[in-house]
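2 protein chains.
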Amino acid sequence: MDFDTVVMKFGGSSVADPEKVKHVAQRLVAARERGLRVVGTVSAMGRTTDGLIDLAHQVSPHPDGRELDMLLSTGERIACALVAMAIHDLGQEAVSLTGSQAGILTDSVHTKAKIREIRAERVREALDGGKIVLVAGFQGFSRETMDVTTLGRGGTDATAVALAAALGAACEIYSDVPGVFTADPRIVPGARKLPAISYEEMLEMSASGAKVLMLRAVELARNHGVRIHARSTFSDEEGTWVQEGDEMEQPIVSAVTHSENDVVFTLTGIPDRPGVAAMIFDVVAAAQVNVDTIIQNVVHGNAEMSFSVPAEDVPATRGALESTRAELGPFAVEENHDLGKVSLIGAGMRSHPGVAARMFRTLAENGINLQMISTSPIKISCMIARGEIPAAVRALHDAFELESAPVAE
Amino acid sequence: MDFDTVVMKFGGSSVADPEKVKHVAQRLVAARERGLRVVGTVSAMGRTTDGLIDLAHQVSPHPDGRELDMLLSTGERIACALVAMAIHDLGQEAVSLTGSQAGILTDSVHTKAKIREIRAERVREALDGGKIVLVAGFQGFSRETMDVTTLGRGGTDATAVALAAALGAACEIYSDVPGVFTADPRIVPGARKLPAISYEEMLEMSASGAKVLMLRAVELARNHGVRIHARSTFSDEEGTWVQEGDEMEQPIVSAVTHSENDVVFTLTGIPDRPGVAAMIFDVVAAAQVNVDTIIQNVVHGNAEMSFSVPAEDVPATRGALESTRAELGPFAVEENHDLGKVSLIGAGMRSHPGVAARMFRTLAENGINLQMISTSPIKISCMIARGEIPAAVRALHDAFELESAPVAE
Chain A
3 MDFDTVVMKF
13 GGSSVADPEK
23 VKHVAQRLVA
33 ARERGLRVVG
43 TVSAMGRTTD
53 GLIDLAHQVS
63 PHPDGRELDM
73 LLSTGERIAC
83 ALVAMAIHDL
93 GQEAVSLTGS
103 QAGILTDSVH
113 TKAKIREIRA
123 ERVREALDGG
133 KIVLVAGFQG
143 FSRETMDVTT
153 LGRGGTDATA
163 VALAAALGAA
173 CEIYSDVPGV
183 FTADPRIVPG
193 ARKLPAISYE
203 EMLEMSASGA
213 KVLMLRAVEL
223 ARNHGVRIHA
233 RSTFSDEEGT
243 WVQEGDEMEQ
253 PIVSAVTHSE
263 NDVVFTLTGI
273 PDRPGVAAMI
283 FDVVAAAQVN
293 VDTIIQNVVH
303 GNAEMSFSVP
313 AEDVPATRGA
323 LESTRAELGP
333 FAVEENHDLG
343 KVSLIGAGMR
353 SHPGVAARMF
363 RTLAENGINL
373 QMISTSPIKI
383 SCMIARGEIP
393 AAVRALHDAF
403 ELESAPVAE
Chain B
3 MDFDTVVMKF
13 GGSSVADPEK
23 VKHVAQRLVA
33 ARERGLRVVG
43 TVSAMGRTTD
53 GLIDLAHQVS
63 PHPDGRELDM
73 LLSTGERIAC
83 ALVAMAIHDL
93 GQEAVSLTGS
103 QAGILTDSVH
113 TKAKIREIRA
123 ERVREALDGG
133 KIVLVAGFQG
143 FSRETMDVTT
153 LGRGGTDATA
163 VALAAALGAA
173 CEIYSDVPGV
183 FTADPRIVPG
193 ARKLPAISYE
203 EMLEMSASGA
213 KVLMLRAVEL
223 ARNHGVRIHA
233 RSTFSDEEGT
243 WVQEGDEMEQ
253 PIVSAVTHSE
263 NDVVFTLTGI
273 PDRPGVAAMI
283 FDVVAAAQVN
293 VDTIIQNVVH
303 GNAEMSFSVP
313 AEDVPATRGA
323 LESTRAELGP
333 FAVEENHDLG
343 KVSLIGAGMR
353 SHPGVAARMF
363 RTLAENGINL
373 QMISTSPIKI
383 SCMIARGEIP
393 AAVRALHDAF
403 ELESAPVAE
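Going down the list, the sequences are from chains A and B. If you read the first sequence in the numbering used here, its first letter stands for residue 3, the second for the next number, and so on. If you read the second sequence in the numbering used here, its first letter stands for residue 3, the second for the next number, and so on.
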């Protein structure tokens, strides 16, 4: 399928200094000069967002969410305005738009808003006028409260995919890695770049630690049929296409991913009656925490339950759990910060039940102990000691022969 | 006159770091706790705006005005959001608004927009709800282009006065000086803080170098009858009230001001025919340059003309002059960067013609040579060598006995 419009997304490291800003401008101009209608969406420069968060915490221990969004949304505006200036100097017209000017309407959940709708009239008009349009990533606007919102982690990727869906455009996501690999090349030097991967596999990879694309952007892309081209800011080589899977040619296992960002909560002494788990996870979800693996066990009529959450959600999780004590009575909470997760991803494993056994055997042969296991039709994840992650990734990459090109079975 | 609403303006040095942000929050909360409806308007933290301008120039030699406004408007938003966070921690409710959210409508002249109208519904609603409202200074919104604009130098003072006019509020302008003085206390240690000064005198003082209040804010205040209280961020002492003058009690001379920021252009060889001066100053005004003193002379049928402009307007002035050459033929342009201006201000001098003579005599007795003179009914300015400014200010402060409280004549 050919597109006449492209949305090109550049992350914070791609615009970290004035020289890089000019480089991004050149890439956008080159696409425009190939005859495309071009939308650029850009994250805040380098560590700007972290700097603003630090500043907020120096002023207030628990910054108000609405005000935090007002603060954080400035980072992307700065980056977009600078890219637009640099484009002018290259002889093309450009205009930068805030999230609200670009019609990115969200709900009103500050710091983690979800995109509801894109009213892209102003973007379209500017494209019709031959301009390159820069849209500030990571932010939107709530019509209920008339306030600026931010989209949380992965927000700029979500902005790019949602804009591509609204404009019927291709979506190119640029970063400092040249695509999606069979494993992290820093751990497995022989890891191979995948030419294409299905939405489903990419979802599992993003959920289990691959950083190249954010989960919510892949979800959005799948739901709206947007093809994503994940590629390098610094070269013209083809990256990885994320698209509808072609079941006939699916390899059994596509990639090994890992994550060192999980904290495992274990609750003991909670009553074993119906509805307790539902209640706990309702409260945790209401705190906007993304729970990953959950396992439950009943010991002497009391339930024991473990689940993992991203490290940054630990304070929210603690608060949510405390709020259930009135109803659930005394229970103990333990946190384990020393675990990591290694996962095998592959749409082909759906029809190959032996994959899990082979994974567990490989880990056992390398002396690696399993703490928790969770599976989906196309993924198997194991929580293991964090220090053993590199060895586990290398062993699995070898065992499933990911270094050589895949053979469909 | 008593007000139930107050607009409190804090400059960039008053919010330069997190501790100062918290201090500003305390001042706003204290006013709220005295029962007032409180609007705060805040400049960008410390040198933020200069940093953003530097960044723009690293990316582009001549940054696009629209994009520069998108960039620069972020500084005040950051400061306002931080102050709002700090107010929450002090137990009051607060909400920060961008210029466009606060209804500050401007023309479309980027980087130097003028306020046209304030639609303060959202500010009023928030005040009605008991909230302290922070309004990002220095910025507005053009309805024609739907773009963010910035107000240029003195923009945040203008925001404060315009809001006070729209809300029928008092206007307090806080800075690191405790009010308006008879001369710069760094040059004249015995300079005296004025308890009150008329709009007219303050206009002349701001125009001739006093930095405590910006010219446009004083103009706005006079046009809308807003009383300004210029006072210190760091103490509760009374500052200086800028208000309608009471002619009966006017001292002859109120203050000596000076400026080291002027560059004098001298044009020689321009044709001496009607309309030439009008043409030159039309073109210069179209470049948004604020011309101060102008003098003209005819020598051998050619006009010689000199005028002074603020140093930052020199490039725009040069460009404007070049553009008249096609019509005016060859003329020579000289620039003098070594001059400064010393001025006497006083509504009382209107009826005392001897003031100018006494000023010139005082300067002559101190061996100071006059390069250009300009006068208004309440001001006399002399351009002199920049190095002689401190001596001139001290001599005039002495000669007009400004150290002692004024006696009306």
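Cβ atoms here follow ideal geometry from the backbone N, Cα and C, with glycine treated the same way.
Residue-chain proximity (residue i, chain B), Cβ-Cβ < 9 Å
| i | result |
| --- | --- |
| residue 124 (chain A) | yes |
| residue 66 (chain A) | yes |
| residue 18 (chain A) | no |
| residue 52 (chain A) | no |
| residue 173 (chain A) | no |
| residue 405 (chain A) | no |
| residue 119 (chain A) | no |
| residue 414 (chain A) | As shown, chain A starts at 3 and ends at 411. That puts residue 414 (chain A) outside it, with no answer to give. |
| residue 399 (chain A) | no |
| residue 144 (chain A) | no |
| residue 40 (chain A) | no |
Residue range of the beta strand (DSSP E) that includes residue i
| i | result |
| --- | --- |
| residue 214 (chain B) | That residue, residue 214 (chain B), is in no beta strand (DSSP E); it is neither H nor E in DSSP. |
| residue 10 (chain B) | 7 to 12 |
| residue 141 (chain A) | 141 to 144 |
| residue 268 (chain B) | 264 to 273 |
| residue 91 (chain A) | Here residue 91 (chain A) belongs to no beta strand (DSSP E); instead the alpha helix (DSSP H) covers 67 to 91. |
| residue 418 (chain A) | For residue 418 (chain A) there is no data in the structure shown, the boundaries of chain A being 3 and 411. |
| residue 307 (chain A) | 304 to 312 |
| residue 334 (chain B) | 334 to 338 |
| residue 193 (chain B) | No beta strand (DSSP E) holds residue 193 (chain B); DSSP gives it neither H nor E. |
| residue 96 (chain A) | 96 to 99 |
| residue 208 (chain B) | First-last for residue 208 (chain B): 201 to 209, but that is the alpha helix (DSSP H), not the beta strand (DSSP E). |
Range of the contiguous alpha helix (DSSP H) that encloses residue i
| i | result |
| --- | --- |
| residue 24 (chain B) | 20 to 35 |
| residue 38 (chain B) | From DSSP, residue 38 (chain B) is part of no alpha helix (DSSP H); its letter is neither H nor E. |
| residue 60 (chain B) | 50 to 61 |
| residue 366 (chain A) | 356 to 367 |
| residue 278 (chain A) | 278 to 288 |
| residue 324 (chain A) | 316 to 324 |
| residue 293 (chain A) | Premise fails: residue 293 (chain A) is in no alpha helix (DSSP H) and is neither H nor E. |
| residue 163 (chain B) | 157 to 169 |
| residue 130 (chain B) | 123 to 130 |
Chain A contact for residue i (CB, 9 Å cutoff)
| i | result |
| --- | --- |
| residue 409 (chain B) | In this prediction, residue 409 (chain B) has a pLDDT of 49, which is less than 50 and means its spatial position is unreliable; what the coordinates show is noted afterwards. Residue 409 (chain B) does not count as touching chain A. |
| residue 272 (chain B) | no |
| residue 55 (chain B) | no |
| residue 1 (chain B) | Absent from the model: residue 1 (chain B). The displayed extent of chain B is 3 to 411, so no value can be given. |
| residue 1 (chain B) | A question about residue 1 (chain B) goes unanswered here, because the residues of chain B that appear run from 3 up to 411. |
| residue 141 (chain B) | no |
| residue 49 (chain B) | no |
| residue 161 (chain B) | no |
Nearest to residue i (by Cα), restricted to the options the options
| i | options | result |
| --- | --- | --- |
| residue 137 (chain B) | B:278, B:49, B:78, B:405 | B:78 |
| residue 228 (chain A) | A:22, A:399, A:162 | A:162 |
| residue 265 (chain B) | B:126, B:91, B:245, B:388 | B:388 |
| residue 152 (chain B) | B:186, B:168, B:108 | B:108 |
| residue 48 (chain B) | B:70, B:18, B:58 | B:18 |
| residue 241 (chain B) | B:173, B:209, B:378 | B:173 |
| residue 166 (chain A) | A:84, A:8, A:398 | A:8 |
| residue 170 (chain A) | A:340, A:381, A:6 | A:6 |
| residue 369 (chain B) | B:184, B:394, B:382, B:120 | B:394 |
| residue 404 (chain A) | A:371, A:348, A:373, A:110 | A:348 |
| residue 198 (chain B) | B:110, B:15, B:140, B:181 | B:181 |
| residue 87 (chain B) | A:105, A:85, A:86, A:66 | A:66 |
| residue 34 (chain B) | B:132, B:51, B:11 | B:132 |
For residue i, the residue or residues it bridges with in DSSP
| i | result |
| --- | --- |
| residue 233 (chain B) | B:176 |
| residue 384 (chain B) | B:344, B:375 |
| residue 402 (chain B) | Per DSSP, none; premise fails for residue 402 (chain B). |
### Task
Name, going along the chain, the residues of the segment 219 to 237 of chain B whose beta-carbon falls closer than 8 Å to a beta-carbon of chain A.
none
### Task
Can you give me, in chain order, the residues of the segment 9 to 35 of chain B that have a beta carbon less than 9 Å from any beta carbon in chain A?
19, 20, 21, 23, 24, 27
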